[in-house]
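>
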Amino acid sequence: MTIQIHDTLRGEKTELVPLVPGQLGIYVCGPTTYDFAHVGNARPYTAFDAVVRYLRFSGFTVKHARNFTDVDDKIIRRAHERNEDPFALSARYIDEFESDMASLGIQRPDVAPKVSEHLPEIIALITELVATDKAYARHGDVYFRVRAFNGYGKLSHRNVDDLKSGARVEVDDTKDDPLDFALWKAAKPGEPFWESPWGAGRPGWHIECSAMSAKYLGQPFDVHAGGKDLVFPHHENEIAQSEAAHGKEFARYWIHNGFVTLSSDGVGDDAKISKSKGTLLTIRAILERFDGEALRALLLSTHYRNPLAFSEQALLDADRRVESVYTTLEAAGRKFGARAESADEKVMAQFCEAMNDDFNTAEALGRLAAPLSRLGELAAKKSPKSPTSEEEREARSLLAAVRKATGVLGLWDRDPAARLLERRTTVAARLGLDPATVETAIAERTAARASRDFARADAVRAAWLAKGVELMDTPAGTTWRILL
RNA sequence: GGCGCCGUCGCCAAGUGGUAAGGCAACGGUCUGCAAAACCGUCAUUCCCCGGUUCGAAUCCGGGCGGCGCCUCCA
């Protein structure tokens with residue numbers, strides 16, 4: 171069983187063969203921390219989290235590195251605007267980022283290196299490039315000589331001459347060639363800086379990923395991941411400077427996720443959540459109204475390379491699905507969960523087949539629908555069979571498989587009953603609703619039903635339904651849920 | 001101008017040569033005092049359009065229409 175991975179460099183799917191059998195090093199380009207992360211940021215980290223989880227599930231020992239770019243023009247600019255220390259600002263948004271990631275069920279990477287803590291490595295790398303004339307210093311800046319690296323453009327499939335003719339780069343006399351990019355930038359007054367052989371300054375944008383990935387994963391390493399927008403110039407430049415310096419391949423496989431686009435689906439409240447067109451929507455804003463697991467489910471509902479149209483309606487649909495699957499798992503767990511059974515092999519094979527094909531989470535999720543619905547069917551059956559009957563064995567085996575597979579995706583991996591209760595109470599709190607008042611109403615309604623005063627009972631239910639609370643009668647009593 | 005992506009049921013979405021997964025919604029049914037939930041069933045002879053290749057195409061090729069991205073600091 172092999173894993174096929176769509177490699178941007180080769181431009182096609184290819185078998186993932188690790189450098190060292192059984193081990194995999196993966197580097198995911200992390201955020202520049204100058205503000206809250208937005209939905210677009212949520213995508214790569216969620217998608218590649220699922221990839222890492224699956225690779226581990228498949229038996230690989232994975233070393234996952236994801237950097238924080240905490241030294242950057244945007245951070246400095248934002249800090250100046252707010253009269254704040256750039257490092258303090260950056261550190262604050264790193265914390266916020268970690269919190270968002272946790273809400274999305276994203277596991278922490280094994281290493282999360284920061285640029286500010288790797289100046290020696292960065293300076294050493296630039297020094298090497300300068301020494302071999304692959305880079306040159308100019309007025310305290312250092313530039314990479316793009317023409318000196320003949321593989322330039324191989325990742326983004328562009329040729330250097332096309333780039334030059336179409337370049338919207340202003341003519342700059344300090345550079346030998348307009349395509350050359352900065353490895354090191356001389357410090358301007360008031361900016362943070364480090365001492366270097368070229369004077370006081372700070373790293374350019376691309377160099378940190380080259381230096382830190384080499385330090386933690388070696389050269390070459392297996393998989394380099396990031397958003398599609400980073401292919402050019404960021405990743406192209408990483409390859410150029412790394413391969414020029416080390417004289418060997420940089421990363422062996424490149425995977426890139428597609429964009430999240432904001433779409434107005436015309437379903438009323440869309441504007442409220444996506445603000446005006448072009449405004450970036452933060453993860454935090456979404457979490458104020460929705461569950462992180464719903465957002466994760468939405469992000470994994472399409473293949474990671476395809477574009478994903480984000481909308482309030484899409485999120486509502488995802489949320490409904492999250493709840494309904496938990497409902498099925500709860501019912502099945504209550505009826506069959508007492509005894510353990512090994513996971514159904516067919517279901518696992520189906521799941522793995524989808525994931526092995528370039529981590530197709532959408533396909534994998536689709537394949538779990540059948541066992542899930544079978545599980546619901548078995549859980550709904552009235553006549554209790556003996557606990558050792560064939561059907562019960564089947565149910566336990568399906569339940570084990572579904573829980574195992576969804577767990578790999580980082581979805582439906584909590585205790586269903588606790589999860590449903592938690593969802594209900596947090597949503598209630600968000601809406602300013604006291605669960606106790608609902609319970610009181612339920613008691614009142616139960617009394618009305620007992621005395622067969624159905625008009626009264628229906629009135630109570632209708633009143634709460636108008637407030638978005640649905641009362642549901644079950645053999646075990648009346649429960650309720652909140653309609654989003 | 002250069003490079004690239006996308007267009008599959010009302011909505012989301014998988015499928016990249018072998019005769020259209022799945023989810024949501026909708027509709028019918030079981031259950032229920034009635035509902036809801038849950039469960040059962042129905043729901044694309046067809047994949048933006050036109051041509052071509054092929055025994056066979058949503059899938060490959062050519063053209064068109066529509067949407068989108070990148071081309072120096074944006075995941």
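Basically my numbering = 1-based index in the first sequence + 170.
Just so it is clear, CB atoms sit at the ideal spot from N, CA and C, and this is done for glycine as well.
Only a predicted model underlies this, so the values are computations on that prediction, with no experimental measurement involved.
Using only the alpha-carbon positions, how far apart do D177 and L225 sit?
Distance between the alpha carbons of D177 and L225 is about 16 Å.
> Considering only the beta carbon of each residue, do E408 and S366 sit closer than 7 Å?
No, the Cβ-Cβ distance between E408 and S366 is not below 7 Å.
> How many Å lie between A415 and L353 at the Cα?
Taking the straight line from one Cα to the other gives about 13 Å.
> According to DSSP, is G195 part of a helix, a strand, or is it coil?
Correct three-state label for G195: strand.
> Reducing DSSP to helix, strand and coil, say where W634 ends up.
Helix.
> Under a Cβ-count criterion, where at least 16 other Cβ atoms within 10 Å of its own Cβ denotes burial, should T302 be classed as buried or exposed?
So T302 ends up on the exposed side.
> Evaluate N427 with the Cβ neighbour count: other Cβ atoms within 10 Å of its Cβ, from every protein chain shown; 16 or more gives buried, anything less gives exposed.
Buried.
> How about C522: is its Cβ closer than 6 Å to a heavy atom in the ligand NAP?
Ligands displayed in this structure: none; no statement on the ligand NAP is therefore possible.
> Along the chain, where does the beta strand (DSSP E) containing N427 start, and where does it finish?
First-last of the beta strand (DSSP E) with N427: A421 to N427.
> Using CA coordinates, which residue listed in T172, D240, V187 and D219 is at the minimum distance from L579?
For L579, the nearest C-alpha among the options comes from D219.
> Since G371 is in the beta strand (DSSP E), which residue starts that stretch and which ends it?
From DSSP, the beta strand (DSSP E) with G371 extends over G371 to P373.
> Contact check, L274 vs G577 under 8 Å by CB: the rounded distance?
Not quite, the Cβ-Cβ distance comes to about 15 Å (not below 8 Å), so this is no contact.
> Who are the near neighbours of G321 in its chain, counting only those whose CB is closer than 8 Å to its CB and skipping five residues on each side?
Contacts found: I409, A410 and E413.
> Along the beta strand (DSSP E) that carries V232, what are the first and last residues, could you check?
T231 to R236 is the extent of the beta strand (DSSP E) around V232.
> Exposed or buried, V190, counting other C-beta atoms within 10 Å across all chains shown (16 or more means buried)?
Under this definition V190 is an exposed residue.
> Since I believe T203 is in contact with I173 (beta carbons under 8 Å), could you give me their beta-carbon distance rounded to a whole number of angstroms?
I173 to T203, Cβ: 32 Å. No contact.
> Using DSSP bridges, identify the partner residues of T452.
H208.
> Output the boundary residues of the beta strand (DSSP E) element that contains G480.
Note on residue identity: the sequence assigns Phe, not Gly, to residue 480. Segment L478 to F480, the beta strand (DSSP E) holding F480.
> Have a look at K505, A508, R475 and V393 and flag the residue whose alpha-carbon is nearest the alpha-carbon of V222.
Minimum Cα distance to V222 is reached at V393.
> Counting C-beta neighbours from all protein chains within 10 Å, is the total for N211 16 or more, i.e. buried, or is it exposed?
Buried: at least 16 other Cβ atoms inside 10 Å.
> Using alpha carbons as the reference points, say which of A565, L535 and I276 lies closest to E523.
Nearest of A565, L535 and I276 to E523, Cα basis: L535.
> Assuming the contact rule is C-beta atoms closer than 8 Å, D240 and R454 should be a hit. Round their C-beta distance to whole Å, please.
The Cβ separation is near 19 Å, so there is no contact.
> Taking the CB atoms as reference points, tell me whether E361 and P390 lie closer together than 7 Å.
It is not a contact, given that the beta carbons lie outside the stated cut-off.
> On the DSSP bridge assignment, give the partners of W364 in chain order.
Per DSSP, G371.
> Do the CB positions of F206 and T452 come within less than 7 Å of each other?
Yes, they are a contact pair.
> Nearest-angstrom Cα distance between A370 and G310?
Roughly 8 Å between the two C-alpha positions.
> Taking R213 as the reference, give the member of K398, E515, I652 and A282 with the closest Cα.
Selected option, being the one with the closest Cα: K398.
> I think L432 touches T216, with their Cβ atoms under 8 Å apart; what is that distance to the nearest whole Å?
No, L432 and T216 are not in contact; Cβ-Cβ is about 17 Å, not under 8 Å.
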